[in-house]
Amino acid sequence: MPPRIPGVQRLNTFSLCLRPAVKPPTPAFLPITQTASVSQKEKRRVAKQDPYRWAQMQQRTNAHLERRQEIEAAREQQLGDPVRGIQTPFIESFDSAGQAPLSKPLVDDEGTPIEEPHPLPTSPHILNNLLAKGEVDTAIENAYALTQPMETEFTRLHPKELEVQKHEHEGQHAKAVEALQRIIDLEKGSSKDRRHANIRRCIETFGRHETDLTLPPKALSRGQQREVRPIRGGPDTGSSEVQIAILTAKIRALANELEKGRGYKDKVGKRDLRLMVHKRQRLLAYMERKERGSGRWQHMVEQLGLTEANYKGQITL
């Protein structure tokens with residue numbers, strides 16, 4: 033019987049590749065140069081065979097690292113803190129609601145002042161209980177005139193008796209004025225009273241009913257005409273710069289409280305701080321898109337100490 037020769041059973045047993053062959057890479061004619069990254073094995077070899085060269089390498093590396101740290105520190109100082117920004121006199125005046133004329137100097141561990149205090153912007157016309165100095169002065173004058181003893185056609189008083197009543201009236205009026213001054217003093221008020229006072233200061237400083245009269249308007253592009261807007265009927269409380277200033281005052285007050293005692297465990301306070309910071313970031317991005325380069329933008333940034341760290345990139349607390 034002849035031997036059986038195995039043949040091809042199916043055509044799919046052949047693996048034919050119709051793709052073109054891969055060309056070999058072009059040989060590099062340039063000389064091989066040493067890169068900056070050196071393997072650990074090469075580092076050990078250089079340190080063992082040529083200690084002087086290894087010391088030079090280490091010296092260059094340390095110099096580069098020191099220079100990089102200096103550049104990063106200067107950049108961080110220029111950008112400021114993403115939550116607090118750069119501290120300005122107007123920002124420092126939030127702590128006293130515009131009542132302290134000088135700043136509190138930094139002290140060392142022994143309580144010795146390190147720096148000299150500098151002047152702060154004040155608002156002496158803003159008082160506690162949502163009162164203004166002009167209103168209080170007018171009320172005091174009216175109360176003095178209404179309670180002052182005087183002789184009429186129905187009551188005849190002896191001159192000495194009238195003089196005694198006037199003297200008593202002066203003493204009682206002075207006591208009443210002193211008691212009223214203690215009530216309306218913001219330095220003895222609560223944090224809520226200072227917050228209300230700072231909100232009023234932000235409206236007076238950044239409200240467009242005031243800045244439209246003092247700051248130059250935004251430059252117009254070619255072919256654009258300036259809109260004639262009606263005169264505002266009252267204080268501006270809804271513009272972007274006013275809301276940003278109010279949020280900045282609230283952020284500073286809450287951040288100061290979280291740094292005291294066991295504030296690092298206040299999760300609700302941290303969440304509120306994060307929400308306010310991100311809301312201010314959205315308002316700043318909108319304000320930059322609409323008013324960047326204008327006098328209103330420069331005035332807000334300089335007074336509040338805001339930088340790109342406050343409205344660009346991701347802010348994490």
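So for the sequence shown, this note's numbering puts the first residue at 33; every next one is plus one.
Beta carbons are placed, not taken as given, at the ideal position from N, Cα and C, and that holds for glycine.
Given the structure is predicted, the values throughout are model-derived calculations rather than measurements.
Compare the Cα-Cα distances from residue i to each of the options and report the closest residue.
i, options, result
"D225", "N161, L97, M319 and L305", "N161"
"P121", "Y296, P137, A106 and Q110", "P137"
"T348", "W86, Q109 and P114", "P114"
"E289", "A277, L305, I276 and L279", "L305"
"P133", "K344, G143, L152 and Q119", "L152"
"I283", "R321, N230 and H190", "N230"
"L316", "V333, L307 and L163", "V333"
"H150", "Q119, E167 and V168", "Q119"
"E219", "E167, V168 and T154", "T154"
Looking only at its chain, what residues have a beta carbon closer than 8 Å to the beta carbon of residue i, apart from the 5 residues adjacent to it on each side?
i, result
"G239", "P267, D268, T269, S271 and V274"
"I172", "V209 and L212"
"L252", "R258"
"A177", "none"
"G295", "E289 and G301"
"P249", "R258, S326 and G327"
Going along the chain, which residues of its own chain have a beta-carbon closer than 6 Å to the beta-carbon of residue i, five neighbours each way excluded?
i, result
"W329", "E323"
Could you check if residue i is buried or exposed, using at least 16 other CB atoms within 10 Å of its CB as the buried criterion?
i, result
"I103", "exposed"
"T243", "buried"
"I216", "buried"
"G130", "buried"
"Q346", "exposed"
Skipping 5 residues on each side, what residues in its chain have a beta carbon closer than 7 Å to that of residue i?
i, result
"K165", "P156, H157 and L159"
"E124", "S135 and L152"
"L247", "G327, R328 and H331"
Quick one: give me the first and last residue of the alpha helix (DSSP H) that residue i is part of.
i, result
"V274", "S272 to L290"
"S125", "Per DSSP, S125 belongs to no alpha helix (DSSP H) and is neither H nor E."
"L212", "P191 to I215"
"M308", "K299 to E323"
"M89", "P83 to L111"
"K344", "That residue, K344, is in no alpha helix (DSSP H); it is neither H nor E in DSSP."
"Q335", "G327 to L336"
Just to check my reading of the structure: residue i and residue j have Cβ atoms closer than 8 Å, yes? What is that Cβ distance to the nearest angstrom?
i, j, result
"L338", "G203", "About 52 Å; that fails the 8 Å criterion."
"K198", "P181", "6 Å"
"T237", "A277", "7 Å"
"A79", "W86", "4 Å"
"S223", "A285", "6 Å"
Compare the C-beta of residue i with all C-beta atoms of chain B and state if any pair is closer than 7 Å.
i, result
"E124", "Structure shown: chain B not included; a single protein chain is present."
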